[in-house]
Amino acid sequence: MLRVSLLSLLVTRDKNNKQGKVYRYHDGKQWKDGKEGDHKKKLGELKKCESEPALSDEEPELQQGYIPPRQKPVWASVDLSKEPEQEKVDYYNSVTGDVSYKRYSSKFSNNDTDQILLVKKVTDNGNTIWEAGERECMELAQYRSKGGFAILRIHVNVCGDVKHKFFEKNAEKWEEILKAFDDKLLKMMHKESNKPEPQEPKTR
Numbered sequence: 109m110l111r112v113s114l115l116s117l118l119v120t121r122d123k124n125n126k127q128g129k130v131y132r133y134h135d136g137k138q139w140k141d142g143k144e145g146d147h148k149k150k151l152g153e154l155k156k157c158e159s160e161p162a163l164s165d166e167e168p169e170l171q172q173g174y175i176p177p178r179q180k181p182v183w184a185s186v187d188l189s190k191e192p193e194q195e196k197v198d199y200y201n202s203v204t205g206d207v208s209y210k211r212y213s214s215k216f217s218n219n220d221t222d223q224i225l226l227v228k229k230v231t232d233n234g235n236t237i238w239e240a241g242e243r244e245c246m247e248l249a250q251y252r253s254k255g256g257f258a259i260l261r262i263h264v265n266v267c268g269d270v271k272h273k274f275f276e277k278n279a280e281k282w283e284e285i286l287k288a289f290d291d292k293l294l295k296m297m298h299k300e301s302n303k304p305e306p307q308e309p310k311t312r
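Quick note on our numbering: the sequence shown kicks off at 109 and runs consecutively.
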């Protein structure tokens, strides 16, 4: 089996809005916690692929993501309005007060089928919110909704480097937002701040 080295740097905030960082890596079977020094070293190696030429039009299925040319991925989509196919996507959900929380993440590997499983698109009732570009995939999506308002944070893996996309939904329309995401999140969670949050399991 050809293994794909994947790294993740997650930026977290606690209830006091204090920022922290979590370094993780995928060993081909599951996600594990890593160290900052090892993360930087491996990231330097992975970034070398940014200088590689784009693949030709003869292999369109490989132009998205960062999978080695001989390892064909199985692409999956996430629709926020439906239950996901859990054989393709890791999924967790909880409710705190009036706030509904859903988390989706790419499986990256399937030990039973020896496949690479990656999410390339996020939709809501069939309407596209985000779609992967060249050498990209969705690593993690965090969706919160309350009444007719919702916010979405997507962790996009770009050749081993993680970038974030932020979106909000008012009524039936999704729009990308560049600022104030944390303020909107804190405002949504403010009324529930005195209630204990359910423990979220770690991604594999």
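For every residue, glycine included, the Cβ atom is placed at its ideal position computed from N, Cα and C.
Gly128 sits in a strand when the DSSP states are folded into three classes.
In this structure, the beta-carbon distance from Gly255 to Ala279 does not fall below 8 Å.
The DSSP-derived three-state label of Asp141 is strand. Taking one beta carbon from each stretch, the region 205-214 and the region 238-249 have 3 or more pairs nearer than 8 Å; the two touch. The closest CA to that of Val264, considering only Ala240, Lys281, Lys277, is found on Ala240. Annotation for Asn235: the continuous beta strand (DSSP E) segment containing it runs 235-239. DSSP places Phe257 inside the beta strand (DSSP E), whose first and last residues are 257-266. By alpha-carbon distance to Asp206, the top candidate from His272, Tyr131, Ser253 is Ser253. For the pair Ile259 and Lys273, the CB atoms are not nearer than the 8 Å cut-off.
Under the criterion of beta carbons closer than 8 Å, Trp183 and Ile237 do not qualify as touching, at roughly 16 Å. For Lys229, the enclosing beta strand (DSSP E) starts and ends at 224-232. Straight through space, the alpha carbons of Asp232 and Leu188 are spaced by roughly 5 Å. The DSSP-derived three-state label of Lys273 is strand. For Asp206, the secondary structure class from DSSP, reduced to helix, strand or coil, is coil.
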